[in-house]
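Enquirer: Before we start, here is the structure in question, set down as structure tokens.
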Amino acid sequence: MNLDKTRKYLENKKTDYWDAREETREQTEIKSEKGEIQKIEEKEKRGIGIRTVKDGSIGFSYTEDKDKIKETCEESYKVADSLEDQGVKISNEETHKDKYKIKNRAPRIEELKEIIQRIDQFKNHPEIKHSEVRIRIKDPETKFINSEGSEITQKIPFGSIELKLRGKKNSSESEIRKSRRLMNLKRKNIEEKAEEIKKEGMKELKKLLKAEKIKQGKRKIIIDNQLAGLFAHEAMGHALEADLENSFLADKKEEKIALENFNLVSDPTIEGTGGFYKYDNEGVKGKKTKLVEKGVLKNFMHSRKTAGRHGTESTGNGRAQNYSHPPIVRMNNTIIESGNASKEEMIEEIDKGIYVKGSQGGNVHTTEGEFRFISTIGYRIENGEIRKEKPVKSILLSGKILELLEKIEMIGKDLKINKTGGMCGKGPQFKRVGDGSPHIKLEDFMVS
Amino acid sequence: MNIEKSIQKYSDKVDLIQILKREKKEKTVKIPQTGEKDVQTGKDKTYSIKVTNGDGIGTVSCRGSKDINKWIEKAIKISKINRGHGKLVKEPSNKSSALEKIGDVEPLEIEEYIKEVEKARNYEGENTEVNGAVITYKNIKEEYLDTLDNHNEYEKNISLGRVSYKTDKENTGTYGEYNFSYKDPFGKFIEACEEASEKSKMQAEKEEIEGKKNLILRKQSLIVPLVFRLSYYFNAYNVHKGLSKINLEQKIGSEDLNIINSGILEDGFQTTGFDSEGTRKQKTILLEEGKVKSYLHNDYTANIYDTKSTGNSHDFLDKSNIKLDNLVIEPGKGFESEGIIVEGMLGNLDYPTGDYSFEVPTAWTEDGKGVKNFVFQGNLFEDLKELRIGKEKKKQRPGIRSPDLMLEGKDIQPK
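Chains E and Z, in that order, give the protein sequences. At position 144 of the first sequence the residue is numbered 144 (our numbering), and the sequence of numbers has no breaks. At position 90 of the second sequence the residue is numbered 538 (our numbering), and the sequence of numbers has no breaks.
So, in structure tokens, the structure goes:
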């Protein structure tokens, strides 16, 4: 209805291209603390974002008011019309008419309350001093039209469950966070995921309460699937977004940047993962893209705008947080593919080192090619064995990305797509994403 | 008008209805590395509604006032499911029907913003070039109403500017960002470019330093260790839940350390008229001569601690969401000894213990030589006791007024 009005207004304007996204998003959030419900909230967000391209310039405007659609179209057009030629080209892509809706109804609030209260019970665990459980369910529906005739409706409900535990034993106090992405919102699945994070969280918290703080210095390390997945996303993925023209990788296409068995892909087609979608927010069908193949940089991730500038095709990575933002180059699932080493082979070669596990986030500077990651926990490796009785507290790993790639000695054959509920921020926009990796072994690397 | 009618309609059915209406208009002009001008405009309106009934709380958020009754009913329904919060006592104490204006920025035509951003984008320093510049103008209007007849309104105009630069003549890849905000971003654009140019000269050649050194913290480096963490430890909800261990009158800092939260700081990035529960913004002394004087409160924690809200409710839909406004650290006795100047710091701080590991990517010696990235470790609570406070108050960041701070004898290790 609103998009019909938009089409009517924009068809009468002399544009080279336009598109419009109408989005409705319902969100439910429920949070408990020590078994008591702390918050139940329902939110609704809806609006429309309009992008116009005219004579090499682009304008974007949004509104949440359905009575202001004409004004918003005018505003978007006015900006594109008033700027001198900026050289903007939108790449040529196939048009699509499709309705893709996943039927994935979340339980009612009363049921979510039951799930959360059952999980958030730690009365028989005196070492646990504080607990929090949060479930978020989001149900966004996006309708997309453009001047080329595409008409796409996409509805992919999703959610997340998070657990935070604070424990104390003697003089030691620690905190741990665990989360799972919920792409299947059936009650049974939410309950299973809740049990999984509870079990994992308690096990790791007990270890953390006995953990020592590591002294800063260089060590041989093995990073687990989750932290290596974060590396794939933060360190490699961001640097391969084509809109970051100053990226340290920008001029390295077709250059060898990693060892022979290092392969990195962008892939939104894996159902049930955090970065899954059928179409991006520019109406381009999501597809698998080889970014690094046999250690050679092969491709960057593109939106229609960056693809137009580089005379190539979009890789289906044009995504926007919601209607109030224009699409920019964003990741979906960023995955380091399996190598050929077993975890045991990696460990047995280390006399003294650290097995670094889990992630608490990180950041990257794509211009300088530097990164910082924080692990959840670590274990000492001694004489070719992981010493679970010698845990170490969360570790800060930092360095230059190219140096880290040089220091990769082995890539595991145990690829796992991470199940955590990751969101990625780029500028003012947040978007759900996914990542995955096998275990990776690095020679001497700075940890603190 | 519509909202007031809705509040009246349901006022007899529940103990308290609170509505926060937030309208935002924005214009953004960006010239990124690629040089294309990117202009975005938009308008948004949100209604946050909270219903308190007995010991039940229901919270919702919606767009548009047409369906407001439907959403109030949803909140009432949720308040029947979400019970056990205790009785909220809120007094009608902040009534002010006049619209308050904050910030003296007036919106300009897009063309004028473009001119300014172009000027910054085209700046060329001795060995620096700006590779991206952006300006955002925001007009925010908030209106708070409740069934106790509180009714506050304010309007805030903000301009935010940012330039990112790189040193490319020697191809060192040195890079940085400057943020400035509030009243005069245009005047600040070129000033930031000049400062960036100066600093990148120092960063062009970095030397490796290790061993025990004094670190002088300023600008960006104050955010990670202080603002985020103090917000957490002084949050009365976290104290109540045992997540923060600080107690009133406990000495946690050096004699020289006086910290204030200010929601009314002139030019302060976080200055607003009132918080999300309609409480007027104010100044709160958090630390006096190193002793804890107050926590940060919203209505919920004020009831628990039998005190008044300090106006720090960041989001009234979540009673744990209490945050600092602007951070003010009073000038101290100063320090004579030399140190490494640190303007960027990133890393990890463990909330239960205060233990941290930080990496410093942006630092130089006092005679202007760049220092290679290094790491150091420590404990926030131990540092607060030993912290040396500079003599001169500075606008370190849009929301931070503080002298430089010194950490003495830190063991630093190059990466």
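Every residue gets a Cβ at the ideal spot worked out from N, C-alpha and C, and that includes glycine.
Using 8 Å as the limit for Cβ to Cβ distance, is Lys-522(Z) near chain E?
Expert: Yes - at least one Cβ of chain E is within 8 Å of the one on Lys-522(Z).
Enquirer: What are the start and end residues of the beta strand (DSSP E) that includes His-599(Z)?
Expert: Looking at the DSSP string, the run of the beta strand (DSSP E) that includes His-599(Z) is 599-614.
Enquirer: What does the alpha-carbon distance come out to for the pair Thr-620(Z) and Val-808(Z)?
Expert: With a pLDDT of 45 at Thr-620(Z), under the threshold of 50, the predicted position of this residue should be treated as unreliable, though the coordinate-derived value follows. If you take the alpha carbons of Thr-620(Z) and Val-808(Z), they lie about 17 Å apart.
Enquirer: Closer than 9 Å, Cβ to Cβ, to anything on chain Z: give me those residues from the region 37-55 of chain E, in chain order.
Expert: Going along the region 37-55 of chain E in chain order, one finds Ile-37, Gln-38, Lys-39, Ile-40, Glu-41, Glu-42, Lys-43, Glu-44, Lys-45, Arg-46, Gly-47, Gly-49 with a Cβ nearer than 9 Å to chain Z.
Enquirer: Which whole-angstrom value describes the C-beta separation of Pro-438(E) and Ile-411(E), a residue pair presumed to lie in contact below a C-beta threshold of 8 Å?
Expert: That pair is a contact at about 6 Å.
Enquirer: Should the region 171-188 of chain E be called in touch with the region 39-57 of chain E, which here means at least 3 C-beta pairs below 8 Å?
Expert: Short answer: they don't touch.
Enquirer: Once DSSP output is grouped into helix, strand and coil, what is the label at His-365(E)?
Expert: Here His-365(E) sits in strand by DSSP.
Enquirer: Using a Cβ-Cβ distance under 8 Å, would Leu-415(E) count as near chain Z?
Expert: By this cut-off, Leu-415(E) is not an interface position.
Enquirer: Can we say the region 137-145 of chain E touches the region 764-781 of chain Z, given the rule of at least three CB pairs closer than 8 Å?
Expert: Too few Cβ pairs lie closer than 8 Å, so no.
Enquirer: Please report whether the beta-carbon of Ile-789(Z) lies at a distance below 8 Å from any beta-carbon of chain E.
Expert: No, Ile-789(Z) lies away from the interface with chain E (no Cβ there is under 8 Å from its Cβ).
Enquirer: Do we get a CB-CB distance below 8 Å when we pair Gln-321(E) with the residues of chain Z?
Expert: So, not an interface residue.
Enquirer: Got a sec: is the Cβ-Cβ distance from Lys-491(Z) to anything in chain E below 8 Å?
Expert: For Lys-491(Z), the answer is yes, since a Cβ of chain E falls inside 8 Å of its Cβ.
Enquirer: Taking C-beta to C-beta, are Glu-22(E) and Cys-510(Z) nearer than 8 Å?
Expert: Their beta carbons are not under 8 Å apart, which means Glu-22(E) does not touch Cys-510(Z) by this criterion.
Enquirer: Locate the alpha helix (DSSP H) running through Ser-82(E), then write down its first and last residues.
Expert: Note, Ser-82(E): alpha helix (DSSP H), 69-82.
Enquirer: Which residues in the same chain as Ser-131(E) place their Cβ atom closer than 6 Å to its Cβ, once the five residues preceding and following it in sequence are excluded?
Expert: Cβ neighbours of Ser-131(E) beyond the five flanking positions: Lys-34, Asp-120, Phe-122, Leu-165.
Enquirer: Can you give me, in chain order, the residues of the region 799-817 of chain Z that have a beta carbon less than 7 Å from any beta carbon in chain E?
Expert: Of all residues in the region 799-817 of chain Z, Tyr-799, Pro-800, Thr-801, Asp-803, Ser-805, Glu-807, Pro-809 have a Cβ within less than 7 Å of some Cβ in chain E.
Enquirer: Could you tell me whether the Cβ atoms of Gly-502(Z) and Ile-37(E) are closer together than 8 Å?
Expert: Their beta carbons are not under 8 Å apart, which means Gly-502(Z) does not touch Ile-37(E) by this criterion.
Enquirer: Who are Glu-590(Z)'s beta bridge partners in DSSP?
Expert: For Glu-590(Z), which the question treats as bridged, DSSP gives the partners Arg-470(Z), Tyr-602(Z).
Enquirer: Are any of the Cβ atoms in chain E nearer than 8 Å to that of Ser-648(Z)?
Expert: Answer no: the Cβ-Cβ gap between Ser-648(Z) and chain E never drops below 8 Å.
Enquirer: Taking all protein chains shown into account, do 16 or more other C-beta atoms lie within 10 angstroms of the C-beta of Phe-637(Z), making it buried, or fewer, making it exposed?
Expert: Classification of Phe-637(Z): buried, given that the 10 Å Cβ count is 16 or more.
Enquirer: Under 8 Å between C-beta atoms, does Lys-858(Z) make it to chain E?
Expert: It does not: the Cβ of Lys-858(Z) has no partner Cβ on chain E nearer than 8 Å.
Enquirer: Closest to Arg-666(Z) by C-alpha separation, out of Lys-858(Z), Arg-849(Z), Lys-472(Z), would be which residue?
Expert: Cα-wise, what sits closest to Arg-666(Z) is Arg-849(Z).
Enquirer: So Lys-8(E) is in the beta strand (DSSP E); what residue range does that whole segment cover?
Expert: Looking at the DSSP string, Lys-8(E) is not in any beta strand (DSSP E); the run it does join, the alpha helix (DSSP H), is 2-11.
Enquirer: Listing by chain order, which chain E residues have their CB less than 7 Å from the CB of Lys-833(Z)?
Expert: Within chain E, no residue comes near Lys-833(Z); the closest Cβ sits about 19 Å away, beyond 7 Å.
Enquirer: Flag this pair as yes or no: are the beta carbons of Leu-468(Z) and Tyr-592(Z) separated by less than 8 Å?
Expert: Contact: yes.
Enquirer: For Leu-442(E) and chain Z, any beta-carbon pair shorter than 8 Å?
Expert: Chain Z contact via Cβ: absent.
Enquirer: Is there a C-beta anywhere in chain E that falls below 8 Å from the one on Cys-510(Z)?
Expert: Answer yes: the Cβ-Cβ gap between Cys-510(Z) and chain E drops below 8 Å somewhere.
Enquirer: Per DSSP, what are the beta-bridge partners of Arg-219(E) in this structure?
Expert: For Arg-219(E), which the question treats as bridged, DSSP gives the partners Phe-445(E).
Enquirer: Please go through the same chain and pick out, in chain order, the residues whose beta-carbon is closer than 7 Å to the beta-carbon of Glu-451(E), but skip the five residues on each side of it.
Expert: For residue 451(E) there is no data in the structure shown, the boundaries of chain E being 1 and 448.
Enquirer: So that I know if they touch, is there some Cβ in chain E lying closer than 8 Å to that of Ser-768(Z)?
Expert: Taking Cβ atoms only, chain E reaches closer than 8 Å to Ser-768(Z), which makes this a yes.
Enquirer: Hey, could you find the ends of the alpha helix (DSSP H) Leu-678(Z) is sitting in?
Expert: It spans 676-681 - the alpha helix (DSSP H) in which Leu-678(Z) sits, taken as one unbroken run.
Enquirer: Which residues does DSSP pair with Gln-668(Z) in a beta bridge?
Expert: DSSP lists no partner for Gln-668(Z).
Enquirer: Three-state secondary structure (DSSP) at Gly-621(Z)?
Expert: With a pLDDT of 44 at Gly-621(Z), under the threshold of 50, the predicted position of this residue should be treated as unreliable, and no value is reported.
Enquirer: Is the Cβ-Cβ distance between Gly-49(E) and Glu-64(E) less than 8 Å?
Expert: No, the pair does not count as a contact, with Cβ atoms beyond the cut-off.
Enquirer: Alpha carbon to alpha carbon, how far is Asp-594(Z) from Leu-464(Z)? Give it in angstroms, no decimals.
Expert: About 7 Å.
Enquirer: Going by DSSP, what residues sit across from Thr-476(Z) in a beta bridge?
Expert: Gln-488(Z), Thr-584(Z), per the DSSP bridge assignment.
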